[in-house]
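> Here the sequence shown stands for residues -28 to -1, 1 to 551, where the numbers follow mature numbering (1 follows the signal peptide of the UniProt record, and there is no 0). Glycine included, C-beta positions come from ideal geometry on N, C-alpha and C. Pasting in a structure now, in C-alpha cells, and then I'll have a few things to ask.
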Amino acid sequence: MGVSNHKLIFFFFCFVLYSCVVPKLVFGGTTTRHYNFEIKMQNVTRLCHTKSIVTVNGKFPGPRIVAREGDRLLIKVVNNVPNNISIHWHGIRQLRSGWADGPAYITQCPIQSGQSYVYNYTIIGQRGTLFWHAHISWLRSTLYGPIIILPKLGVPYPFPKPHKEMPIIFGEWWNVDTEAVISQALQTGGGPNVSDAYTMNGLPGPFYNCSTKDTLKLKVKPGKTYLLRLINAALNDELFFSIANHSLTIVDVDAVYIKPFKTNTLIIAPGQTSNVLLQTKSNFPNAKFYMLARPYVTGQGTFDNSTVAGILEYDDHQQKNPKKTLPIYKPNLPSLNDTSFVTNFTKKLRSLANSQFPANVPQKIDKKFFFTVGLGTNPCSNNKKNQTCQGPNGTMFAASINNVSFIMPNVALLQSHYKGQSNGVYSPFFPNSPLIPFNYTGNPPNNTMVGNGTKVVVLPFNTSVELIMQDTSILGAESHPLHLHGFNFFVVGQGFGNFDPNKDPQNFNLVDPVERNTVGVPAGGWVAIRFLADNPGVWFMHCHLEVHTSWGLKMAWLVLDGKLPNQKLLPPPADLPKC
C-alpha cells in the first residue's frame, strides 16, 4: 500500500506540475500568457548604415506573440529608452479593456523613461494574424512584431492544414533617425523625407546597395502547402506583393476568414494583414523565385520608389549538385498607380458568412455619418527670420476629417472621460458631415485651410453605425487606409467620384461583405462601412499612413457604457501611466 500511495502522490504531483506548465494541453481551456517587453536601444546595420534604434528586447523586428483564441495576455512593457513609449495591439478588439489599447494620449498617457506598464487583455472571438506596434510619433518604424492567434485547441482552420506557417512582415528602413525626419517635417511644414528601403522581416534584400547578405530566404519543400502570415507594418506605403511562378490563395484578412480565392499578386495597406496559402510545385523546379513587394502610389508627393526582394528556395535532398547556380525568376508586379488592379482585388474579398463564421452585418442603422478624408493646409507658423514654410504656396501641410485636423491632447482622452473631466480636453461635437459641402472629387476649392481641434463623436452603447468615408481632391486625390481601433467593421460598398446617397446604397452588400479593421478609401472615391458600437471606451480612428496621422487625419469615437454590468468599461489598472 505504501508503494501505491507513493506512486499516487508521484503521479498527482506530475499531473499538477504538467497542468501548471501546459494547462492548454491538459484542459483545452484558456490560459494566461506572460510576455516581457524590454524597450532598449540596439545598434542595427542595414545598407551599410549602422544606427541605434528603439527595439523590444534588442530584436528588429520585435518578438512574435503567439496565443490562442480565448487566451489572456499580460505583457509587461519596461521603458529603458529616453523616448516616451506606448504599444498598440493592432486589430485586437479590446472588449471593455480600452486601457490596454495603447495609442498615446487617447487611451493612456505614454510610458515614460524608467517606467513600466502591464497591458492586460483577453482575445475574444478572434483568430488569425494581427500585429503590435508603437503608437506614438514615428517610433513604429522599428517597434513592431507579429501577433499570431491560433484557433481554440481542437478547432481546425476552414482550409487545408498547412505543412508550415511563416510570418512575413513588411516594413520601411531609414538610414537616419525617423524621429528627426518627422520633427523636421512638422517644423518646416513640408513633406517628410522618404525611406531608404522597404524590408521583409527587417531585411531589404538584394536590390539595394550593400544589402545582398540581408535577404529573407524562405526554404520550402516540393508538394507542400505553406501558410504565409503577411503583415504591412510600413509607415507610409501600400504594397503590391507577388511570388514568381506561384499563385497565392487568400484565406483571411485582418484576422477574419474570407471566401478563399487565388491570385498572383495582392495589395496590402499599412495596418492590414492577410493569411495566404502557398502551394509549392510537386517536383523540385531547378530554379529559385523572387518574392517582391513595391509601393502602390496614388498621391502627388515624393515616395520611396524601390523594391524589396526575398527568395523562395526549394529544398531538395536528392539534388546531385546542390551548389549548382540555379536560375532565379522575377514576378511581374502591377504598375505603381494601378488603381484598377486594387479595385478588382478588393471586390473579391468576401466574408465566409456561414453558420460557424457568420457575417453579423448591421441591417438597421441608428446613426449615419459622412466623413471627408484628405489633405489641406495650415498657415505658416514658422516665424524664424520670416522664412516661408515648405508646404503648398508657403503654407504647412495638414490633413483632416470633415475639415477638422485633430490636435493631440496633453492627457489621455479615456482617462478624462472616465473621470468626468473632459472640459478643456476634448469637445463632444465632432461634425457628422462636412459643415460646408462641396464637389469633393471635382476641382478643389481655393481655400485649402483646415480647422483644428480635439473633437470626438459620442455614441450610446450598441448604436449601429453606417459611415461613408469620402476622399477629396484637395492637394490631390489619394488612397487613405483608415484604421478603427476597438472594432471590426463590414465594408458594404465602395466606388469612385462623389458618394450618391440616393443611388449608391442600393448596391451595398449586406450579405457577405468583408470584415476588417483597416480599409483603403479609394483615391478619388468613397467607401461605406458598418459596425455595432458594442465596446465602451474611447476608440481612435486614423489614416495608417503615418505622415497623414502626423498632419491630423485622425479622430475618436467615444462609446458610452451600457446599462448592464458586462456593458461597462472596466476600471483603470493601478499601474496606468501618468502624463
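1) Name, in chain order, the residues that DSSP records as bridge partners for Asp224.
2) Kindly indicate which three-state DSSP category Leu305 falls into: helix, strand or coil?
3) For Ala281, which three-state DSSP category applies?
4) Do you know how far the Cα of Leu504 is from the Cα of Val486?
5) How would you write the range of the alpha helix (DSSP H) that Ile11 sits in, first residue to last?
6) Please look up how many angstroms separate the CB atoms of Asn52 and Ile108, rounded, as I've assumed it's under 8 Å.
7) I need the straight-line Cα distance from Val491 to Leu454, nearest angstrom please.
8) Below 9 Å between beta carbons: does that hold for Phe317 and Thr221?
9) Report buried or exposed for Cys182, applying the criterion of at least 16 other Cβ atoms within 10 angstroms of its Cβ.
10) Exposed or buried, Glu144, counting other C-beta atoms within 10 Å across all chains shown (16 or more means buried)?
11) Have a look at Leu525 and Gly348 and give me their C-alpha separation to the nearest angstrom.
12) How many angstroms separate the CA atom of His135 from the CA atom of Pro128?
13) Does the beta-carbon distance from Leu200 to Val248 come in below 9 Å?
14) How big is the Cα-Cα spacing for Leu431 and Val50?
15) Report the three-state DSSP secondary structure of Tyr234 (helix, strand or coil).
16) Specify, as a first and last residue, the run of the beta strand (DSSP E) that His516 falls within.
17) Using the Cα positions of Gly414 and Tyr7, report the straight-line distance between them to the nearest angstrom.
18) Figure out for me which residue from Phe142, Phe212 and Thr270 has the closest Cα to the Cα of Leu305.
19) Can you tell me the Cβ-Cβ gap for Pro123 and Glu41, rounded? I've got them flagged as a contact below 8 Å.
20) Grab me the residues of Gly74's own chain with a C-beta within less than 6 Å of its C-beta, minus the 5 sequence neighbours each way, in chain order.
21) Just curious, the beta strand (DSSP E) that Lys319 is in, first and last residue?
22) Using a Cβ-Cβ cutoff of less than 6 Å, which residues in the same chain neighbour Pro(-6) once the five nearest sequence positions on both sides are dropped?
23) Under a Cβ-count criterion, where at least 16 other Cβ atoms within 10 Å of its own Cβ denotes burial, should Gln328 be classed as buried or exposed?
24) For Cys515, I'd like the list of residues in its chain whose CB is within less than 8 Å of its CB, leaving aside the five on either flank, ordered along the chain.
25) Taking 9 Å as the threshold (C-beta atoms), are Gly509 and Leu386 in contact?
26) What are the partner residues of Ile501, as DSSP defines its beta bridges?
27) If we ignore side chains and look at the alpha-carbon of each, how far apart do Phe471 and Phe343 end up?
28) For Ala546, is the classification buried or exposed, using 16 other Cβ atoms within 10 angstroms of its Cβ as the cut-off for buried?
29) With DSSP run on the structure shown, which of helix, strand or coil describes Ser399?
30) Quick check on the burial criterion: 16 or more other C-beta atoms within 10 angstroms. Buried or exposed for residue 594?
31) Would you report the Cα separation of Lys535 and Glu438, rounded to the nearest angstrom?
The short version:
1) Tyr229 and Asn247
2) coil
3) strand
4) 15 Å
5) From DSSP, Ile11 is part of no alpha helix (DSSP H) but of the beta strand (DSSP E) over Thr4 to Arg18.
6) The C-beta separation of Asn52 from Ile108 comes to about 16 Å, leaving the pair out of contact by the 8 Å criterion.
7) CA-CA distance, Val491 to Leu454, rounds to 5 Å.
8) Thr221 sits away from Phe317, with the two beta carbons spaced by 9 Å or more.
9) Cys182 should be labelled exposed.
10) buried
11) 10 Å
12) 14 Å
13) yes
14) 34 Å
15) Note that residue 234 is Lys in the sequence shown here, rather than Tyr. The answer is strand: DSSP assigns Lys234 an E or B state.
16) Careful: His516 lies outside any beta strand (DSSP E) and carries neither H nor E.
17) The straight-line gap from Cα to Cα measures roughly 51 Å.
18) Phe212
19) Indeed, because the Cβ distance is near 6 Å, the residues count as touching under 8 Å.
20) Ser58, Ile59, His60 and His107
21) No beta strand (DSSP E) contains Lys319, which is instead part of the alpha helix (DSSP H) from Thr311 to Lys319.
22) Because the pLDDT at Pro(-6) is just 37, under 50, the model does not fix this residue reliably, and the value given afterwards should be weighed accordingly. Closer than 6 Å at the Cβ level, and outside the excluded window around Pro(-6), lie Thr3.
23) exposed
24) Result list for Cys515: Val345, Ala371, His452, Pro453, Leu454, His455, Thr521, Leu525 and Lys526, in chain order.
25) yes
26) Leu439 and Val463
27) 11 Å
28) Ala546 comes out exposed.
29) strand
30) Past the edges of the chain, shown from -28 to 551, lies residue 594, and the structure says nothing about it.
31) 23 Å
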